[in-house]
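S.K.:
Protein chains in written order, with the numbering used here: chain A, 347 to 657; chain B, 15 to 320; chain C, 343 to 883.
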């Protein structure tokens with residue numbers, strides 16, 4: 347009897363803890379979700395009382411018409427391919443490099459130097475893509491760029507960077523890693539710091555080398571964090587960093603075959619049409635794909651390691 | 015005790031050559047990270063004439079303070095906005111952390127009856143959203159957010175990503191026995207969380223705190239939507255306004271006519287862009303070590319046993 | 343009682359001022375008819391204002407919110423105090439301005455509109471995000487000449503009599519409530535005239551004169567460009583172009599309103615010798631990139647590019663604007679492209695420190711885009727459309743109110759000079775709405791920089807601008823949105839680099855045309871042409 351009561355009490359307390367957040371989610375996230383129906387409507391003003399909700403209710407249903415624009419182009423395949431390939435590549439590279447950096451930082455003997463490195467690694471996170479694009483331009487500018495001047499001084503042919511798509515997968519990859527590694531390695535580093543040091547001591551006493559400790563202590567302990575970040579990144583497989591693909595190549599048309607991704611395509615369509623239904627439809631499709639992928643990834647992770655799964 | 019620690023470190027650390035390699039890799043990467051920022055600082059002190067003549071360069075022909083002077087013309091508004099940003103960041107981070115910790119602690123507890131439901135409740139919002147216009151309408155009409163600090167803090171209060179990361183930190187650093195032990199000692203749920211769990215989760219809390227502080231500090235879009243009174247402008251928005259104004263005018267000068275080109279010709283547009291970055295980054299970069307203290311050295315889990 | 347006398351006195355002086363104003367512009371020959379109208383209209387405005395004064399007390403007090411574009415206002419307290427005191431006596435209205443800036447207007451105004459915010463009056467035009475034609479079709483604007491509730495007839499007579507006919511024609515469009523007027527057009531620089539922007543100092547340095555430019559065209563610039571390039575060295579690019587503008591200048595095509603955000607892939611050809619007539623394709627819209635004119639143009643541009651006359655930076659959208667502005671300001675060009683507004687050459691000469699002259703490609707003309715350059719629309723979400731119209735009428739006809747709202751308070755933000763011009767004080771820095779975005783600028787006093795007869799010159803220049811045959815037409819793409827999106831992406835991919843010569847047209851132009859076809863450009867052009875036919879038929883009646 348008393349055990350049951352304490353069970354109810356516990357549930358009550360824990361519920362009270364999540365409640366403020368839950369309420370916030372309700373108002374700020376779930377209520378606006380009513381707007382998703384915009385994807386299936388032709389949003390028009392309801393002249394008698396044009397509030398948002400009235401407009402929404404009285405607009406005509408259009409079925410899937412708002413989604414058509416995503417596939418009305420001969421370039422659908424290109425932007426889908428680009429979006430997914432870049433994402434897959436960057437999820438893998440990002441994971442490996444960020445974990446490696448986190449372990450390195452953790453293993454350095456001089457903590458002051460480690461802190462300094464870490465601070466510096468975070469700087470790109472502060473710089474917007476616009477600023478980064480100017481920096482890149484200083485190197486790749488067709489007339490005054492450092493790289494082309496270097497090539498010319500060596501008697502080599504100069505490269506028209508902003509009109510030659512083949513270099514851009516590499517350039518974009520470097521840019522993406524440059525900006526995000528600092529951010530994700532700090533998450534891994536914090537997770538490593540949380541590992542119980544007695545585990546290392548025990549391993550050391552058992553005669554494990556540093557490499558063995560990394561493989562048998564650090565990485566297994568990082569597994570929940572790796573899995574969670576992986577799952578969440580998989581959920582964004584159909585999204586892309588707009589600024590990176592739009593601003594960094596200076597919006598150059600000749601590069602579209604390498605830089606057009608779903609977000610830039612939608613953006614370009616919407617500046618042309620400014621249709622709120624279409625923008626909602628585009629976002630909804632991205633989210634739906636992400637949702638399917640994330641559920642799948644979660645299932646896979648759950649099979650391998652129950653505890654590391656998202657839910 | 016201190017002696018023992020040093021000794022332990024020496025025994026259980028990587029070999030010298032391996033450490034040297036680590037240093038080289040990290041130094042190279044750090045250079046890659048810091049050089050663009052140095053570049054930004056240099057451009058911000060470059061005169062517009064020099065930019066027009068030789069473009070962006072590490073070695074400008076002439077230096078000048080014109081961009082900073084231009085920003086300083088904002089006068090009191092600039093300092094007011096610095097204060098606003100500071101206040102919003104501190105207050106916002108505090109509330110964010112409070113609600114985030116409470117929520118993710120609930121999700122962390124395996125014996126919480128509604129754990130699955132609330133996990134999904136938060137997680138689902140990470141994927142699906144109503145879009146900008148409906149969110150705007152809810153904030154404006156249902157919640158009545160406008161022209162106050164709350165109007166910036168509330169819309170960004172929670173981030174499901176942070177909640178899930180926080181939960182994962184709890185998972186990987188707090189042994190479940192600890193909670194059982196606390197329960198047996200008769201500690202209430204709140205006491206357990208605040209007296210036992212939070213002190214030993216400092217690395218995770220500092221990390222999530224850092225991320226949300228950065229988010230508050232960098233935010234300009236939400237203030238743009240909900241704040242019209244200049245006295246509440248945070249710094250980032252104030253400066254962003256300058257920037258977007260310049261961009262817009264340069265782009266649309268043919269539509270707007272002579273007036274636009276008039277304004278543009280008065281602006282140190284390129285160096286201004288960079289000066290704004292400097293003004294935003296420097297304060298937060300200074301605050302960074304504060305968080306970092308907890309992340310890098312962290313508190314060891316020793317307290318579990320004690 | 344005292345107040346009443348004051349008001350009568352005030353309205354009397356206003357009538358006098360208005361008559362004086364009308365008389366001075368009556369001296370102008372070109373817009374004789376117009377100025378007659380305006381004199382009459384303004385004096386009527388004065389009378390009405392007097393009448394409204396009597397009524398003001400009987401009107402319920404109302405607060406109007408008005409969303410401006412492009413403002414730079416940090417302290418409006420003094421101005422609003424005066425404006426509202428003035429408005430209270432006139433129409434019992436309190437004005438609550440929202441000072442949208444260049445940076446935030448597009449995002450915020452659209453959200454406010456979509457969200458149904460209680461804002462009464464919005465700035466709108468052909469180039470802002472709350473685009474006049476589209477938002478009229480979607481039902482965001484109140485139709486002002488709605489037969490059931492004709493606001494213009496009721497409250498806007500004075501204003502309508504004062505506006506030039508081309509402006510009204512440009513504002514008359516197909517909207518949610520039929521063919522009519524959905525916003526009050528602002529009387530500002532309403533004409534389009536594309537000009538070669540010539541650096542005369544440099545030109546003369548190489549022994550040429552302005553006549554050498556005037557007597558030839560784009561295809562004849564080569565010799566001059568070559569000589570200057572040789573003289574100025576490898577890093578100098580004599581031809582400073584905006585790709586899209588250059589194409590319009592060379593081919594004498596106009597912006598077709600409704601596809602401007604898609605990169606203007608539709609062309610309407612004008613007769614360069616008489617802009618009030620259509621060019622060789624008649625009253626038809628054509629695919630811009632298919633014509634022989636376009637082919638000839640891109641071939642020549644490529645040639646110029648390869649000879650080093652055009653900066654490669656012009657081929658990148660994001661880089662082009664900055665580079666162009668910088669080169670203009672440092673005077674590092676010989677011939678540029680410029681969409682002209684009155685007095686620009688003087689202003690440019692001053693800014694750049696060189697002697698700048700403009701060589702027009704055609705006469706000035708009024709097209710839909712330029713006539714819709716700045717407007718004020720009443721939102722359908724407004725609770726008081728009647729009062730909003732009353733206010734707009736007053737704002738556009740009453741010099742006192744216009745000057746107050748636009749230039750601020752006398753002796754604080756500006757001072758009056760003996761000759762009728764005004765001089766801004768330092769305080770003006772705190773209060774700078776975008777002049778053209780507020781309303782009818784022609785009732786403002788001239789500034790000392792503009793000179794005493796500025797507005798006379800203004801009215802004669804813009805009054806003389808000819809109406810193109812398709813004025814008022816705006817393409818409604820709502821049936822073709824998917825195709826528009828697809829085509830917009832293709833245009834983005836090829837157009838700028840072709841129009842600046844940075845890619846080889848031999849290879850890219852056929853590729854471009856094929857891709858446009860594959861993405862359904864033909865369907866859009868056909869749709870647009872059938873709309874144009876209907877429009878022309880309606881206009882002809």
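All residues carry an ideal CB built from backbone N, CA and C; glycine is no exception. As the structure is a computational prediction, the values presented were derived from the model and not from experiment.
So is residue 657/C buried or exposed if we call it buried at 16+ other beta carbons inside 10 Å?
M.R.: That one is buried.
S.K.: What whole-angstrom Cβ distance do residue 779/C and residue 410/C have, given they're in contact under 8 Å?
M.R.: 6 Å
S.K.: Could you give the distance in angstroms between the alpha-carbon of residue 320/C and the alpha-carbon of residue 437/C?
M.R.: Residue coverage of chain C in this structure runs from 343 to 883, which leaves residue 320/C outside it and unanswerable.
S.K.: Could you check what DSSP says for residue 394/A in three-state terms: helix, strand or coil?
M.R.: coil
S.K.: Pull the bridge partners of residue 441/C from the DSSP assignment, please.
M.R.: DSSP output for residue 441/C lists 410/C as bridge partner(s).
S.K.: For the beta strand (DSSP E) containing residue 521/C, list its first residue and its last residue.
M.R.: Start and end: 520 to 523.
S.K.: Which residues, in order along the segment 366 to 385 of chain A, keep a beta-carbon less than 8 Å from a beta-carbon of chain B?
M.R.: Residues 366, 367, 368, 370, 371, 373, 374, 375, 376, 377, 378, 379, 380, 381, 382, 384.
S.K.: Are the C-beta atoms of residue 874/C and some chain A residue less than 9 Å apart?
M.R.: no
S.K.: With DSSP collapsed to three states, give me the class of residue 719/C.
M.R.: strand
S.K.: For the 8 Å Cβ check, are there 3 or more pairs between the segment 534 to 543 of chain A and the segment 440 to 457 of chain A?
M.R.: yes
S.K.: Should residue 206/B go down as buried or exposed, given a rule of 16 or more other Cβ atoms within 10 Å for buried?
M.R.: buried
S.K.: Per DSSP, what kind of secondary structure is residue 459/A in: helix, strand or coil?
M.R.: Here residue 459/A sits in helix by DSSP.
S.K.: Can you pull the DSSP bridge partners for residue 678/C?
M.R.: 539/C, 582/C
S.K.: Please state if the CB of residue 226/B and the CB of residue 110/B are separated by a distance shorter than 9 Å.
M.R.: yes
S.K.: Looking at C-alpha atoms only, which residue of 840/C, 803/C, 738/C is the closest neighbour of residue 499/C?
M.R.: 738/C
S.K.: Tell me, to the nearest whole angstrom, how far the beta carbon of residue 825/C is from that of residue 866/C; I am working on the premise that it is less than 8 Å.
M.R.: 5 Å
S.K.: Cα-Cα, which of 215/B, 95/B, 184/B is closest to residue 232/B?
M.R.: 95/B
S.K.: Flag residue 211/B as yes if its beta-carbon sits less than 9 Å from any beta-carbon of chain A, otherwise no.
M.R.: no
S.K.: Evaluate the contact criterion for the segment 540 to 548 of chain C versus the segment 503 to 517 of chain C: three or more CB pairs, one atom per stretch, below 8 Å.
M.R.: no
S.K.: Expressed to the nearest angstrom, what Euclidean distance is found between the alpha-carbon atoms of residue 17/B and residue 643/A?
M.R.: The predicted position of residue 17/B is uncertain, since its pLDDT is 46 and thus under 50; a value taken from the coordinates is nonetheless stated next. Near 47 Å, if we compare the C-alpha coordinates of residue 643/A and residue 17/B.
S.K.: If distances are taken between C-alpha atoms only, which option among 611/A, 357/A, 371/A, 487/A comes closest to residue 141/B?
M.R.: 371/A
S.K.: Does the CB of residue 819/C have a neighbour CB from chain A at under 9 Å?
M.R.: yes
S.K.: How far does the beta strand (DSSP E) with residue 756/C in it extend, from its first residue to its last?
M.R.: 756 to 758
S.K.: Please classify residue 394/C as buried or exposed, where buried requires at least 16 other C-beta atoms within 10 Å of its C-beta.
M.R.: Here residue 394/C scores only 43 on pLDDT, less than 50, and its place in the model is too uncertain to base an answer on.
S.K.: Select from 601/A, 390/A, 654/A the residue whose C-alpha is nearest the C-alpha of residue 509/A.
M.R.: 601/A
S.K.: So, with DSSP's three-state summary, where would you put residue 809/C?
M.R.: strand
S.K.: Which one of 615/C, 527/C, 681/C has the shortest CA to CA distance from residue 535/C?
M.R.: 681/C
S.K.: To the nearest angstrom, how far is the alpha carbon of residue 617/A from that of residue 608/C?
M.R.: 17 Å
S.K.: Taking 7 Å as the limit between beta carbons, can you name the residues of its chain near residue 463/A, skipping five residues before and five after?
M.R.: Once the five neighbours on either side are set aside, the close Cβ partners of residue 463/A are 451.
S.K.: Identify the contact partners of residue 498/A in chain C, using a Cβ-Cβ distance below 9 Å as the criterion.
M.R.: Result: empty, since nearest Cβ-Cβ is about 12 Å, beyond 9 Å.
S.K.: Within 9 Å (strictly less), CB to CB, does residue 150/B reach chain C?
M.R.: With a threshold of 9 Å between beta carbons, residue 150/B makes contact with chain C.
S.K.: Measure from the alpha carbon of residue 59/B to the alpha carbon of each residue in 97/B, 198/B, 85/B, then state which is nearest.
M.R.: Minimum Cα distance to residue 59/B is reached at 85/B.
S.K.: From this set, 277/B, 36/B, 30/B, 51/B, which residue's C-alpha is nearest residue 468/A's C-alpha?
M.R.: 51/B
S.K.: In the DSSP output, what is residue 609/C paired with across the bridge?
M.R.: Under DSSP, residue 609/C forms a beta bridge with 628/C.
S.K.: Are the C-beta of residue 147/B and some C-beta of chain C separated by less than 9 Å?
M.R.: yes
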